[in-house]
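> Submitted below is the structure of interest, expressed as structure tokens.
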Amino acid sequence: MYIQCIYVSELLTVRIPKEIRAKMKKYSHINWSEVVRNAIIQKIEEEELKEDIRKAIQIMDSIRLKVLREQGAARDYDSSEVIRYWREKLS
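First residue of the sequence shown: 0, per numbering that gives the first Met the number 0; consecutive thereafter.
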């Protein structure tokens, strides 16, 4: 049984200063394409994490606003009780 994989890729051209290119040639044993690919992947993962954090903040804010609407903005409001409630409900 043979499995054939076809990888579809795009070509990306990067402009760098001559000084950096000269230094890259000095270390020709390094696969610079792989270095660039890994840097791009890392940056994408960082941005996706930021996006996930933003979404989590929006969810937390909506929960907080919902609780404030239901409970009112009373001075004796204890957020730790609400947090415990939601942790128990969601686990």
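A virtual CB, placed ideally from N, CA and C, is assigned to each residue, including glycine.
(1) Indicate the three-state DSSP secondary structure (helix, strand or coil) for I29 in the structure shown.
(2) In angstroms with no decimal places, state the Cα-to-Cα distance between W85 and K54.
(3) Sort E46, I56, V81 and I52 by Cα distance to V66 and report the nearest one.
(4) Quick check: what's the CA-CA separation for I52 versus M59?
(5) Please state whether the Cβ-Cβ distance between V35 and L11 is less than 9 Å.
Looking at the coordinates:
(1) Here I29 sits in coil by DSSP.
(2) Near 17 Å, if we compare the C-alpha coordinates of K54 and W85.
(3) The shortest C-alpha separation from V66 is found at V81.
(4) Their Cα atoms are separated by approximately 10 Å.
(5) Yes.
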